[in-house]
Amino acid sequence: MNTGTSKKQPGRPALLQAQDLRALVELALRMPQSSMDELTREFVRHTGIDVCSATIRKALKKAGVKRVRPPRGASTRAAVQGSAPQRYGYTTAHRRQAKPGGMNTDLTDAEWALVHDLFEREGGRGKPITHARRDIANACMYIVRTGCAWRLLPGNFPPWRAVYSAFRGWARAGTFEAMHDRLRQQWRDRVGKAPEPTAAIIDSQSTRSTPQGADTGFDAGKKVKGRKRHLVVDTLGLLLAVTVTAASVQDRDGAASVVAQACAKVTGLKRLYADSAYGGQCAMDLEKTHGIAVEIVRRPSNRVTGTFVVEQQQLWPEAPAKGFVVQAKRWVVERTHAWNERARRLIAHHDRSNWAPVAWVWLAEARMLATRLAG
């Protein structure tokens with residue numbers, strides 16, 4: 012019998028509680044330029060609640076968080092008025108005093124003491140050593156810094172064939188990489204960091220190739236014909252892994268091998284920062300394969316994902332910057348690219364082999380660390 016009254020059936024309880032909504036808002040404000048999929052993966056990793064992006068979108072709307080995009084407009088660079096021009100370049104403080112009969116690229120006694128055991132060979136089989144290992148190492152330092160050809164080595168160094176033979180053996184044995192890894196740990200210890208990092212940054216750089224180089228391609232985005240260096244560095248900008256491919260290889264395609272090398276060397280990596288070229292499926296594959304969190308760092312004024320803001324707040328406290336903007340974490344690896352370009356051997360690819368360009372990068376970075384530690 013229908014009495015005219017009915018009880019309201021209880022519905023399914025909400026999947027996200029009040030504390031979960033607060034955690035979601037905090038993540039959205041901490042990663043304001045992230046896409047919805049990236050925010051969803053970070054929320055699942057942070058709370059352990061398995062939700063989809065549609066649920067996250069509804070929860071953000073309920074919490075008053077919306078995405079805003081800057082208005083379209085021509086990009087103009089603000090002119091700085093009334094500032095004195097700043098002078099850049101090497102000064103007397105940057106230069107070394109050349110030794111009698113030597114070059115100012117030579118390793119000092121303090122620098123050689125840090126790494127001499129990696130190059131010197133005691134006993135063993137084979138032909139006796141004709142030239143001092145330190146002289147050959149100094150010749151390699153000269154080539155990577157000046158970019159000269161092997162046959163144009165100055166006469167105060169050992170013959171170029173002996174230097175090239177030793178360089179090839181050291182490169183294939185991983186001596187330059189071992190040198191850098193040792194100095195990197197020493198430098199991290201000096202600045203108060205743990206020996207092994209937990210966060211890293213990935214990026215690539217396309218550089219032109221000379222007619223002598225091989226395995227080249229065309230980077231349509233940068234309009235460069237040559238090769239591309241893929242780097243993974245720690246938060247200090249120190250190298251963890253490097254690979255060299257043709258410039259036509261996309262960043263997302265070259266990320267797998269270099270990230271695998273970094274994770275194999277540093278097992279404690281937990282987070283990887285990257286630009287938008289590594290977003291989407293590439294970031295998901297890296298997280299699934301290596302178990303690390305990939306965070307995409309975008310420009311604050313980008314119109315692809317926009318920026319998360321709380322509706323009660325002012326949408327744009329200040330106008331989005333135009334032109335060049337320093338981006339969190341990503342500037343570190345860009346600075347590493349600039350460090351590499353101090354070595355003229357790395358400005359263009361002259362080698363036909365695939366191992367030599369990688370060895371030059373390790374040697375250039377190790378040389379920089381040796382100068383820091385011994386200075």
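For the sequence shown, this note's numbering assigns the number 12 to the initial residue and increments by one for each residue that follows.
Backbone N, C-alpha and C fix where the C-beta goes; we use that ideal spot for every residue, glycine too.
Just so you know, these numbers come straight off a predicted model, no measurement behind them.
Contact between the stretch 303-310 and the stretch 274-284 is present: 3 or more CB-CB pairs across the two stretches fall below 8 Å. The straight-line gap separating the alpha-carbon atoms of Gln196 and Val174 is approximately 28 Å.
For Val305, the pairing in a beta bridge is given by DSSP as Leu283. In terms of CA proximity to Cys151, Ala182 leads the group Lys138, Leu297, Ser268 and Ala182.
Distance check between Lys233 and each of Lys204, Thr218, Pro222 and Val244 places Thr218 closest, using alpha-carbon atoms only. Counting every other CB atom within 10 Å of its CB across the protein chains shown gives Glu322 a total below 16, marking it as exposed. Approximately 7 Å separates the beta-carbon atoms of Arg314 and Pro81; this is inside 8 Å, confirming the contact.
Between Ala273 and Leu247, the gap from beta carbon to beta carbon reaches 9 Å or more. Between Val62 and Thr51, the CB-CB gap stays under 9 Å.
Bridge pairing for Arg78: Phe319 [DSSP]. Using a 10 angstroms sphere on the CB of Pro368, the tally of other CB atoms reaches 16 or more, which defines it as buried. About 19 Å separates the CB atoms of Ala377 and Phe168; that is not less than 8 Å, and the two are not in contact. Taking the C-beta atoms as reference points, Ala148 is found nearer than 9 Å to Trp123.
Remark: C-beta atoms of Asp48 and Gly317 do not approach each other more closely than 9 Å. Taken in chain order, the complete beta strand (DSSP E) segments of 3 residues or longer contained in the stretch 196-278 are 210-219, 228-230, 235-245 and 250-257. Selection Gln338, Lys236 and Thr227 evaluated against Ser364 yields Thr227 as nearest (Cα-Cα). Sixteen is the threshold: since fewer than 16 other Cβ atoms of the shown chains lie within 10 Å of the Cβ of Gln28, the residue is exposed. For His142, DSSP assigns no beta-bridge partner whatsoever.
For Leu118, the closest of Pro139, Gly237, Leu163 and Arg144 by C-alpha to C-alpha distance is Arg144.
In the three-state reduction of the DSSP assignment, His348 falls in the helix class, which pools H, G and I. Less than 9 Å separates the beta-carbon of Gly279 from that of Pro208.
Scanning its chain for C-beta atoms nearer than 7 Å, with the 5 sequence neighbours on each side dropped, one finds around Lys276 the residues Leu251 and Ala252, in chain order. Here Ser64 has Met47, Asp48 and Thr51 as same chain residues with Cβ atoms under 7 Å from its own Cβ, once five neighbours each way along the sequence are excluded. Only residues of its own chain outside the window of five on either side were considered, and among them Asp214 have a CB closer than 8 Å to the CB of Glu345, listed in chain order. In the DSSP assignment, the residues bridged to His360 are Ser220. Nearest in C-alpha terms to Thr300, of all of Arg310, Val270 and Ala25, is Val270. Apart from sequence neighbours up to five positions away, the residues of its chain that approach His191 with a beta-carbon distance below 7 Å are Leu250, Trp373, Glu376, Ala377 and Leu380, ordered along the chain. For Gly180, the enclosing alpha helix (DSSP H) stretches over residues Trp171 to Ala184.
In the three-state scheme derived from DSSP, where H, G and I count as helix and E and B as strand, Ser64 is classed as helix. Taking Asp120 as the centre and dropping the five residues before and after it, the same chain places no C-beta closer than 7 Å to its C-beta. Between Arg156 and Arg33, the C-beta spacing is not below 9 Å.
Residue burial is scored here from C-beta neighbours: Gln30 has fewer than 16 other C-beta atoms within 10 angstroms and is therefore classed as exposed.
Nearest to Tyr153 by C-alpha distance, out of Thr116, Val243, Ala184 and Gly166, is Thr116. The beta carbons of Ala258 and Asp230 sit about 4 Å from each other, so the pair counts as a contact at 8 Å.
Within the same chain, Cβ atoms closer than 8 Å to the Cβ of Leu297 are found at Ala266, Ala267, Val270, Leu283, Tyr289, Ile303 and Val305, the five residues on either side in sequence being excluded. The shortest C-alpha to C-alpha distance from Ser176 to any of Trp198, Thr141, Leu194 and Ala205 is the one to Thr141.
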